[in-house]
Structures are given as structure tokens and as C-alpha cells.
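Asks: First residue of the sequence shown? That's 1 in my numbering, and the numbers climb one at a time after it.
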Amino acid sequence: MATIDRRATTLALAHALSAAERGLAVIPLSRTKLPALRSPHRDDPDPTPCHGECGRFGHGVYDASTEPRRIRALFAAAPWATGYGIACGLHPHHLIGIDLDTKSATDSSAALRELALRHLFTIPDTVVVLTPSGGRHLWLSGPPDVVVPNSASRLAPGIDIRGAGGYLVGPGSRTEHGVYETAPGTARLAPAPCPSELLRLLLPPPRTSHPAPSATGRQGQGLVQFVLAAHAGQRNTRLFWAACRAYENGIGPQLITPLVQAAVRTGLTEREARSTIASAARMTAPPSRQP
Numbered sequence: 001m002a003t004i005d006r007r008a009t010t011l012a013l014a015h016a017l018s019a020a021e022r023g024l025a026v027i028p029l030s031r032t033k034l035p036a037l038r039s040p041h042r043d044d045p046d047p048t049p050c051h052g053e054c055g056r057f058g059h060g061v062y063d064a065s066t067e068p069r070r071i072r073a074l075f076a077a078a079p080w081a082t083g084y085g086i087a088c089g090l091h092p093h094h095l096i097g098i099d100l101d102t103k104s105a106t107d108s109s110a111a112l113r114e115l116a117l118r119h120l121f122t123i124p125d126t127v128v129v130l131t132p133s134g135g136r137h138l139w140l141s142g143p144p145d146v147v148v149p150n151s152a153s154r155l156a157p158g159i160d161i162r163g164a165g166g167y168l169v170g171p172g173s174r175t176e177h178g179v180y181e182t183a184p185g186t187a188r189l190a191p192a193p194c195p196s197e198l199l200r201l202l203l204p205p206p207r208t209s210h211p212a213p214s215a216t217g218r219q220g221q222g223l224v225q226f227v228l229a230a231h232a233g234q235r236n237t238r239l240f241w242a243a244c245r246a247y248e249n250g251i252g253p254q255l256i257t258p259l260v261q262a263a264v265r266t267g268l269t270e271r272e273a274r275s276t277i278a279s280a281a282r283m284t285a286p287p288s289r290q291p
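1. Output the boundary residues of the alpha helix (DSSP H) element that contains residue 260.
2. Judging by CA-CA distance, which residue of 150, 39, 11, 229 is the nearest neighbour of residue 83?
3. Can you tell me whether DSSP reads residue 66 as helix, strand or coil?
4. If you drop the 5 nearest sequence neighbours on each side, which residues of the same chain put their C-beta closer than 8 Å to that of residue 207?
5. Less than 7 Å between C-beta atoms, sequence neighbours within five positions excluded: which residues of the same chain meet that for residue 81?
6. Check residue 213 in the structure and name its three-state DSSP category.
7. DSSP state of residue 53, grouped into three classes?
8. Take the Cβ of residue 127 as the centre, count every other Cβ of all protein chains shown within 10 Å, and call the residue buried at 16 or more, exposed below.
9. With distances taken from CA atoms, which of 110, 196, 185 is nearest residue 148?
10. Would you give the residue range spanned by the beta strand (DSSP E) that residue 29 belongs to?
11. Mind checking residue 105: buried by the 16 CB within 10 Å criterion, or exposed?
12. Taking its Cβ as the centre, do 16 or more other Cβ atoms sit within 10 Å of residue 117, making it buried, or is it exposed?
13. Assuming the contact rule is C-beta atoms closer than 8 Å, residue 158 and residue 194 should be a hit. Round their C-beta distance to whole Å, please.
14. Run the CB neighbour count on residue 263, radius 10 Å, all protein chains shown included, and call it buried at 16 or more, exposed below.
15. From the DSSP output, which residues share a beta bridge with residue 181?
16. Looking only at its own chain, which residues have a Cβ that is under 6 Å from the Cβ of residue 166, when we skip the five neighbours before and after it?
17. Near residue 168, which residues of its chain fall below 6 Å by C-beta distance, leaving aside the five closest residues on each side in sequence?
18. Below 8 Å between beta carbons: does that hold for residue 252 and residue 16?
19. Figure out for me which residue from 110, 239, 244, 247 has the closest Cα to the Cα of residue 346.
20. Given this structure, state the Cα-to-Cα distance separating residue 203 from residue 191, to the nearest angstrom.
21. Under DSSP, the alpha helix (DSSP H) around residue 86 begins and ends at which residues?
22. Residue range of the alpha helix (DSSP H) that residue 242 falls in?
23. In whole angstroms, what is the alpha-carbon distance linking residue 319 and residue 265?
Set out below in C-alpha cells:
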């Protein structure tokens, strides 16, 4: 059974209640940062999906609440809890968490700055939570009618996104590695609205089929689909690779327009796409013969 640290649990409950006063729905967490309450269906021989409809605790983020009586009951059921999680995607803030990790070999903060420069957005003043490992959580508010999915390193290496169905470790939580704390000067800020350019990057690309002209055959269609599947940080690379393969196989000129259209749908400008394809054409051109 988990060791009970009553002081840490009391502090976690106090922080959780304070967050709830600001409209943030919370759940108790253990020192491992996982939900403190186990699923009541864990021993069911054939469990059916349940998001709390059974009325019992232990459904992770689906237990989250802003109601003080329910929060106290959650913590009473998990006296070993030393932290709390804040559910993302819920009214009124529709919280989006930008998790800048330090575990990867890349500089996630630099990667976010590069994305901001490339896509012309700035991160507004907002709540910033410092993690024990040296990382940062940026809190942003999303539109009520947009569902931002969770993702890991899709935006860029070392940048994880906490969206609908996910949660952030709340400031004041104590874990195996230390305490989560609010960065100086940000504790009383409200989550700032997510810049529209960044929000677009956080959403999955539309899953639509755009077959290439029949003249290019199945190979050309496959290259177009390869470009359409690109995420942020992959778009130029995928486009360049596909264009190189097209020129190497003699279908480059016929595939320019479909590749440009595919690249534009992933977020590149037409000018960027044509420049990348032109680079691929030069790279794969046979060397000119000397007279």
C-alpha cells in the first residue's frame, strides 16, 4: 500500500481547491504523477468502457471536478495523494498545455521559438509551471468549439501537448522527483488565448484523399499522400523527399502541381512549396557534360 504523507496530501488538497476556485477541474495524483485512484473496473473479466457513469471514483481525468465537496471526497478516497492534476479541454478555460520537456536531446524551448518565428506567432504572457526536471508547462486557453488532441513530440521534438482527455500536474504538487511550482510573476495570470497560428498547428491535418492525375500512376499518388501526411516540422522534408523521388523516376514535371497543392494543405505557402520542389529538381538533375 502507498505510504501516506498527510502533510503533502493536505497541501495538495489545498492547492487543488484553490485551482478549482479559478474554474480548473482537478483530480488527486500520486507521487508518480498518475491518477491516485485505481479503476473500479480493473478486476472485471470483460470491462466495458466507462467514463464515470457507474458513479464510482477511479476514472482518471473523467473524475475531475471544480466542486469542493467532490474534490474533498476524491482526496479522502486517496489519502496517499501528494499532488493534483488539472483536466484540459474543459469549460470555462478549455485548457491547452504546452509541455516543454528536457528529457530529449533537443532544446524544446528553442524549437518552440523557431516554430513561432516560422509561423509568425508569439506566446502571450500566461501561466508557466516549472517542473522538477527543469521543464516548463505553458497554459493556454482554447476556443470552446475546438478539440485539441494530446500528442507527444508531433509539434516538434521535446514538445508534448495536453489537450482534451489529458491533464497537467498542478503547481504545488509533490512527486518522486520534486515539487511543481508556478514561475515567478505568473501565478495570478489567467491562461492566455492560444494564438490562432499555433492552434492550427495543434490540430490534426484533415484526412482527405487527393489522388494525383492518372498520368502519374500509383507511384505519383503515393508521393502526394506522403506529403499530405506530414506534420509540423516534417513538411519541407517530406516534400523535398517526394519531389526528389518524382524527378528520379521521370514524373517530376507532371507532379509539380499535385505536390504543391498537397504541401499547401499541410501549411506551407505556395512559394515555399515551389522553392522546395525546384531545389529537388536541381539536386536530382544529371550533371551537365563538359564540351
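Quick reminder that beta carbons are idealized off the backbone N, C-alpha and C, glycines included.
Replies: Concretely, from the data shown:
1. 252-266
2. 11
3. coil
4. Unreliable positioning characterises residue 207 in this predicted model, as indicated by a pLDDT of 48, which lies under 50. A coordinate reading is not provided.
5. 9, 12, 28, 29, 30, 36, 75
6. Bear in mind that the predicted position of residue 213 carries a pLDDT of just 45, short of 50, making it unreliable; the figure below should be weighed with that in mind. Residue state, collapsed to three classes: coil.
7. coil
8. buried
9. 196
10. 26-29
11. Exposed, since its Cβ has fewer than 16 Cβ neighbours within 10 Å.
12. Residue burial is scored here from C-beta neighbours: residue 117 has fewer than 16 other C-beta atoms within 10 angstroms and is therefore classed as exposed.
13. Actually they do not touch by this definition, with Cβ atoms about 19 Å apart.
14. buried
15. 130
16. 88, 150
17. 86, 97, 137, 162
18. no
19. The requested residue 346 is not part of the displayed model; the chain covers only 1 to 291.
20. 19 Å
21. It is not in any alpha helix (DSSP H) - residue 86 instead sits in the beta strand (DSSP E) that spans 83-87.
22. Residues 235-248.
23. Shown here, the chain extends from 1 to 291; a query on residue 319 therefore has no answer.
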